[in-house]
Amino acid sequence: MVASNNVVFAPLLGLLVFACITGVSSGKCHSCFTYCKTLPNGKIDTDLCDCIGNSTCVGDFCFAKIETFVDEITAIVQKGCATDIPGGSEGCQYAGHAESIHCYCSGDMCNNRKQLDNYNVYRLPTVECCECSESHGDKCSEHQCVRKCRGNYCLVDFDGVEQGCGLGFPRLQSFLRTKSYHDWPNSVTCARYEATLSTIIQGCTCNVPSGRCNEVNQTREIQLKKVVERAPELQNYCYSLHQHSKQSFTQDVFKKSDTCEGRFCFISLTTSELVLESASFEDNYEDHQHFVGLTQPKYEILAGCLKVDDDAKVEIGCTTEYSTNMSEPISRHCVCDSHLCNFYHLLTGRPDNRGRQRGLDAFNPKPEERSNSIRILRPSKASSSTSLSLALLATVLMPVLDRIL
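Those letters in the sequence shown? Residues -26 to -1, 1 to 379, by mature numbering (1 follows the signal peptide of the UniProt record, and there is no 0).
Shown next as structure tokens:
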């Protein structure tokens, strides 16, 4: 079975407009997709599992991503162009957990295995973290660790209380568009963000060498004083929206939006997902031995409000990843800091066409009754898939759950 991203992203007006969106393009990048069986140790054979292809894109930076499906013993490699390097660090690093490696580089056609050291991650310092999950039966302590784990950073989610450790760089900082991870060594970063009333996440990441920096009591104090209660006079109204579709979105999707308040607003779009399909038809999932990696259209838009403990950790602007200059982006994530700034125009690069009517009733959003809970959906065994969205808020703390589930 073959799936392709054949839905045209209508607002993009070709290469010239796209170059304006992403900035001054400086080089070519490999743009390709492949899949392969993983080795017994769970890694890939970079001699056999790599792609170059005949397709290229032009951009400021290049990327290569390796997503591993452990149960299916299969990995997917995807390459393309990017407008930014998350965290400002070139090279390869885990994206929260060992099954996801993201590589970024600058230079003509740099996203090849040789220049990226066979996609090996570079070593980061490790810290000791508290590990606990009240949603899975633990009784988490306010002042001490129920269990301990080691990772490159620690995490805590206050909604339901989840503590754990992650590998590589925190996804939270990618969401904040933090310009350089290295500007914030040995620190705690806490944030609250909301896309809808049922998609609210409050949590912290930290990498303090002394360890156990994700204890509930000390991080909750930071969350309350420096995030929730800080600078109420600087809050902005933001559009609040979360929608899925099999086709590209138009501006009319904002007729379904509500509003929320935050120091910053954000809007994110993903247009495809990675999927594994069985190469044969079997009655039982356990009997499937060979899988085919595909990328298929799946549109998701997320807009909402954001608060963080230090505004300097947030970089205003947009990050875009794409496979060709003439097609829709793979993903686009924007952060802004004015009233209702997180509108559709940030996704397209076109001028804001709302004119002067930018009040709260611009699109007459009607709040709905929703439960204040968070559902984290895991891929089913029958259809193993992973979303590459920068904006899926639940995935920021997913490494915690990956260790527990």
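Glycine included, each C-beta is placed from N, C-alpha and C at the ideal position.
Quick one: residues in its chain with C-beta nearer than 6 angstroms to the C-beta of residue i, no 5 flanking neighbours on either side, listed in chain order?
i: Glu64; result: Tyr78 and Cys79
i: His313; result: Asn210 and Tyr211
i: His319; result: Asp326
i: Gly185; result: Val101 and Glu102
i: Gln137; result: Cys104, Glu105, Cys106, Val130 and Asn188
Is the separation between the beta-carbon of residue i and that of residue j shorter than 7 angstroms?
i: Thr244; j: Glu274; result: yes
i: Val130; j: Cys84; result: no
i: Thr163; j: His216; result: no
i: Asp82; j: Lys2; result: yes
i: Lys134; j: Ser214; result: The sequence as given places Gly at residue 134; Lys does not occur at that position. No; because the gap between Cβ atoms is not below 7 angstroms, this pair is not in contact.
i: Ser74; j: Glu41; result: yes
i: Tyr167; j: Leu280; result: yes
i: Cys103; j: Cys55; result: no
i: Phe240; j: Gln176; result: no
Pull up the distance between the alpha-carbon of residue i and that of residue j, whole angstroms please.
i: Pro303; j: Thr294; result: 7 angstroms
i: Cys31; j: Gly142; result: 27 angstroms
i: Thr170; j: Val201; result: 19 angstroms
i: Pro93; j: Ile50; result: At residue 93 the sequence reads Tyr, which differs from the Pro that was named. If I take the Cα positions, the gap works out to 13 angstroms.
i: Glu289; j: Leu150; result: 7 angstroms
i: Ser5; j: Glu105; result: 39 angstroms
i: Ala205; j: Glu189; result: 25 angstroms
i: Lys88; j: Lys230; result: 47 angstroms
i: Cys308; j: Cys119; result: 36 angstroms
i: Thr224; j: Ser305; result: 16 angstroms
i: Cys66; j: Ala72; result: 12 angstroms
i: Cys292; j: Arg324; result: 13 angstroms
i: Lys199; j: Asp283; result: 8 angstroms
i: Gln197; j: Thr233; result: 22 angstroms
i: Glu108; j: Lys287; result: 30 angstroms
i: Phe317; j: Thr20; result: 41 angstroms
i: Val152; j: Lys53; result: According to the sequence shown, residue 152 is Thr rather than Val. Their Cα atoms are separated by approximately 23 angstroms.
i: Asp335; j: Ser222; result: Any answer about Asp335 is weak, because its pLDDT of 47 lies below 50 and its placement is not dependable; what the coordinates show is given next. If you take the alpha carbons of Asp335 and Ser222, they lie about 25 angstroms apart.
i: Gln263; j: Thr8; result: 18 angstroms
i: Val227; j: His218; result: 10 angstroms
i: Asp311; j: Arg328; result: 17 angstroms
i: Gly125; j: Tyr68; result: 11 angstroms
i: Ser297; j: Cys315; result: 27 angstroms
i: Gly33; j: Asn299; result: 8 angstroms
i: His76; j: Glu203; result: 35 angstroms
i: Asn191; j: Phe255; result: 51 angstroms
i: Gly333; j: Ser242; result: Because the pLDDT at Gly333 is just 46, under 50, the model does not fix this residue reliably, and the value given afterwards should be weighed accordingly. Approximately 22 angstroms, taken between the alpha carbons.
i: Phe220; j: Asn28; result: In the sequence on display, residue 220 carries Lys and not Phe. Approximately 28 angstroms between the Cα atoms of the pair.
i: Pro14; j: Cys23; result: 14 angstroms
Can you find the residues in the same chain that come closer than 7 angstroms, C-beta to C-beta, to residue i, ignoring five residues on each side of it along the sequence?
i: Gln270; result: Ala(-24), Ser246, Glu247 and Val249
i: Gln147; result: Gly61, Tyr155 and Thr163
i: Asn160; result: Asn181, Val182 and Pro183
i: Phe265; result: Glu46, Thr48, Leu250, Glu251, Ser252 and Ala253
i: Ile18; result: Cys10, Thr12, Ile40 and Ala49
i: Leu208; result: Arg237
i: Thr193; result: Val130, Val162, Cys164 and Cys178
i: Gly16; result: Thr42 and Val44
i: Asp285; result: Arg237
What first and last residue would you give for the beta strand (DSSP E) that runs through residue i?
i: Arg216; result: Rather than Arg, the amino acid found at residue 216 in this sequence is His. Looking at the DSSP string, the run of the beta strand (DSSP E) that includes His216 is Asn210 to Ser219.
i: Ser107; result: Val101 to Ser107
i: Gln192; result: No beta strand (DSSP E) contains Gln192, which is instead part of the alpha helix (DSSP H) from Val190 to Ile196.
i: Leu98; result: First-last for Leu98: undefined, no H or E at that position.
i: Glu168; result: Val162 to Thr170
i: Glu136; result: Glu136 to Gly142
i: Tyr9; result: Cys6 to Lys11
i: Pro159; result: From DSSP, Pro159 is part of no beta strand (DSSP E); its letter is neither H nor E.
i: Ser252; result: Phe238 to Ser252
i: Gly70; result: Gly65 to Gly70
i: Thr30; result: Thr30 to Gly33
i: Ala56; result: Thr48 to Ala56
i: Gly177; result: Thr173 to Cys180
With 7 angstroms as the threshold, decide whether the Cβ of residue i is near any Cβ in chain B.
i: Gln270; result: Among the chains in the structure shown there is no chain B, since it carries only a single protein chain.
Quick check on the DSSP output: the alpha helix (DSSP H) that includes residue i runs from which residue to which?
i: Arg145; result: Arg145 to Leu150
i: Thr294; result: That residue, Thr294, is in no alpha helix (DSSP H); its beta strand (DSSP E) goes Gly291 to Tyr296.
i: His319; result: His319 to Thr322
I'd like the list of long-range same chain contacts for residue i, defined as Cβ closer than 8 angstroms, with 5 residues on each side in sequence excluded.
i: Ile26; result: His4, Cys6 and Asn86
i: Glu235; result: Gln209, Asn210, Tyr211, Cys212 and Cys279
i: residue 394; result: Absent from the structure is residue 394, since the part of the chain shown begins at -26 and ends at 379.
i: Asp91; result: Gly65 and Cys66
How do the segment 28 to 42 and the segment 271 to 287 stand: do at least 3 beta-carbon pairs fall below 8 angstroms, yes or no?
The segment 28 to 42 vs the segment 271 to 287: no contact.
Are three or more beta carbon pairs between the segment 106 to 114 and the segment 90 to 98 nearer than 8 angstroms?
Flag = no, the segment 106 to 114 and the segment 90 to 98 do not touch.
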